[in-house]
Amino acid sequence: MKLVSASLVLIHYISVQSIAMVHCGWFSSEEKSESPIILWWTSFTGETGNWRTCGEQTCFFTENQTYLSHPKTKAVGFYGSSFAPLDLPIPRQPWHDWALLHEESPKNNPSFCYHPLISLFNYTATWSRKSSFPLTLLSLPKLSDITDKKYFVSVADKNAILVREGLSPVVYVQSSCDAPSERDLYVTALQKFIDIDSYGKCLNNKRLPPHLENPADAMNNEEFLRLMAKYKFTIAFENAVGEDYITEKLWRPLTLGSVPIYLGSPSVQDWAPNNNSVLSVWNFTSPESLAAHLHYLNSDDAAYNSMLVHKTRGTIENRILTDAMKSRTWIAGGEDDDFEKENFVESFECFLCSQIYRKQSEEDAGYSSRPNSVDTTHYSCPPPIHPVTRKVNPHNWWLEHWNHARAEANVIGRFAQRNLNYTSDEFHQSVFQEIPNVR
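The following block contains the structure:
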């Protein structure tokens, strides 16, 4: 089992399809000059120009912005973390569909949480199951990782290890301490009622070996994974709370055979391998009540084992999870990937290509092809709340970040709806005037 972050997949993005040479101008090949063009407006894939066959259809993919005015350009793609309000292709042509790809944390660009901006897109590839091209399970390379016993430690052995090595029943490893979810506040409250071993930079009380202290080096290190597998419970708190925003924070403990204590997507249970596999913070009234339940599970081997049937019996009963993984046509990244499949970026590109051909086919048949619409369910991430009180925390500076993002979304939406470009001064002045309306 090897969990690989999506960012590594993007860094190593290399098209395995045939690459067509494109000169400084437009197409140099007559035979493919009728292919629709999909332009990545934000620098992302590194493609200067590439014809790729998607099934029986061919599209041309490029980052060369001069193609914006080409009559065959049908879709313009944006990568969410690189989306720049002051660099948008406005005025927008009526035949240009906009597509958003964003698999990273909503904290990178919460402007997409708001209707005036997200509704400008026609297609999305986000972590939401409501997305046009869902990436909800991107952090889970293979379904078999969940049942694999490579790192699994039985409850009897865990009980002995906890005593012999002086471990706490709960482990926390986090080195990004400034998160919109304010996860450290909940951990601080929880550890008043149960012992927690904290190895990361956040709330640290236990040292890792020096060669494992760098999170980038440790997270897939065999020694680190075996250490984590010794713990009965793993705190798995996302940096932000969004519907279906689920990362390796959840999948790592599940694959190791440790029970996740999860803070993140309210609908996490929809993706858990079994009904009793995950302890969601949202199901407990307070850190104290959660700690009481952890003490109960820690003292009752049968109750604890009931949460690990994906390991002890190799059972995954959640059809939503199994069906989604079986129907996935792309690879998430990992050492045992099926190289006959495309990575998720290439697969999304082919999805866009197919949508262009579908629309053209409808128009050729005399049907009026209505633009595809996107709403906030494609990127549902509300302003952050205090994880303990579950109320808005006015002292959380990320709340201001969300407010500013909402103001930007409103301003971009107004200019875009009128199909008007804007200067930097016009944009910033408009955002400044909008701020009081969103607080």
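Residues -18 to -1, 1 to 421 in mature numbering (1 follows the signal peptide of the UniProt record, and there is no 0) are what the sequence shown lists, from first letter to last. Backbone N, C-alpha and C fix where the C-beta goes; we use that ideal spot for every residue, glycine too.
Assumed close pair residue i, residue j - CB separation to whole angstroms, cut-off 8 Å
i: residue 131; j: residue 293; result: 6 Å
i: residue 420; j: residue 398; result: Not really, about 18 Å apart at Cβ, beyond 8 Å.
i: residue 391; j: residue 96; result: 4 Å
i: residue 302; j: residue 252; result: 6 Å
i: residue 219; j: residue 163; result: 6 Å
i: residue 313; j: residue 323; result: 5 Å
i: residue 187; j: residue 179; result: 7 Å
i: residue 289; j: residue 259; result: 6 Å
i: residue 215; j: residue 276; result: 6 Å
i: residue 417; j: residue 377; result: Between residue 377 and residue 417 the Cβ distance is about 18 Å, and since that is not below 8 Å, they are no contact.
i: residue 74; j: residue 133; result: The pair is not a contact, with the Cβ atoms about 50 Å apart (cut-off 8 Å).
i: residue 177; j: residue 150; result: 4 Å
i: residue 117; j: residue 85; result: 5 Å
i: residue 395; j: residue 76; result: So it is not a contact: roughly 17 Å between Cβ atoms.
Identity of the residues DSSP links to residue i by a beta bridge
i: residue 39; result: 36
i: residue 266; result: Note: residue 266 sits in no beta bridge, so no partner.
i: residue 79; result: 57
i: residue 381; result: DSSP output for residue 381 lists no bridge partner at all.
i: residue 122; result: Residue 122 pairs with nothing; no bridge assigned.
i: residue 20; result: 43, 57
i: residue 216; result: 153, 242
i: residue 84; result: 108
i: residue 325; result: 313
i: residue 144; result: Answer is none; residue 144 lacks a bridge partner.
i: residue 261; result: 243
Burial state of residue i (16 or more Cβ within 10 Å)
i: residue 172; result: buried
i: residue 257; result: exposed
i: residue 13; result: Confidence at residue 13 is low in this model, with a pLDDT of 45, below 50, so the placement of that residue is unreliable and no value is reported for it.
i: residue 184; result: buried
i: residue 181; result: buried
i: residue 402; result: exposed
i: residue 147; result: exposed
i: residue 347; result: exposed
i: residue 79; result: buried
i: residue 161; result: buried
i: residue 127; result: buried
i: residue 192; result: exposed
i: residue 156; result: buried
i: residue 331; result: buried
i: residue 411; result: exposed
i: residue 5; result: With a pLDDT of 37 at residue 5, under the threshold of 50, the modelled position of that residue is not reliable, and no figure is offered here.
i: residue 414; result: exposed
i: residue 407; result: exposed
i: residue 7; result: Note on residue 7: pLDDT 47, under 50, position unreliable in the model; no value is reported.
i: residue -10; result: Here residue -10 scores only 42 on pLDDT, less than 50, and its place in the model is too uncertain to base an answer on.
Opening and closing residue of the beta strand (DSSP E) in which residue i lies
i: residue 180; result: 178 to 180
i: residue 152; result: 152 to 154
Residue i and residue j closer than 8 Å at C-beta
i: residue 109; j: residue 37; result: no
i: residue 329; j: residue 311; result: yes
i: residue 105; j: residue 114; result: yes
i: residue 241; j: residue 261; result: yes
i: residue 351; j: residue 39; result: no
i: residue 58; j: residue 67; result: no
i: residue 89; j: residue 359; result: no
i: residue 284; j: residue 239; result: no
i: residue 168; j: residue 235; result: no
i: residue 381; j: residue 369; result: no
i: residue 64; j: residue 129; result: no
i: residue 30; j: residue 16; result: no
i: residue 264; j: residue 248; result: yes
i: residue 26; j: residue 33; result: no
i: residue 245; j: residue 372; result: no
i: residue 121; j: residue 229; result: yes
i: residue 103; j: residue 393; result: no
i: residue 254; j: residue 300; result: yes
i: residue 81; j: residue 279; result: no
i: residue 20; j: residue 56; result: yes
i: residue 152; j: residue 213; result: yes
i: residue 203; j: residue 194; result: yes
i: residue 175; j: residue 107; result: no
i: residue 286; j: residue 137; result: yes
i: residue 367; j: residue 354; result: no
Residue i - containing alpha helix (DSSP H), residue span
i: residue 66; result: That residue, residue 66, is in no alpha helix (DSSP H); it is neither H nor E in DSSP.
i: residue 361; result: No alpha helix (DSSP H) contains residue 361, which DSSP labels as neither H nor E.
i: residue 418; result: 406 to 420
i: residue 291; result: 291 to 294
i: residue 197; result: 197 to 200
i: residue 91; result: Where residue 91 is concerned, there is no enclosing alpha helix (DSSP H), given that its DSSP letter is neither H nor E.
i: residue 285; result: 283 to 287
i: residue 211; result: 204 to 211
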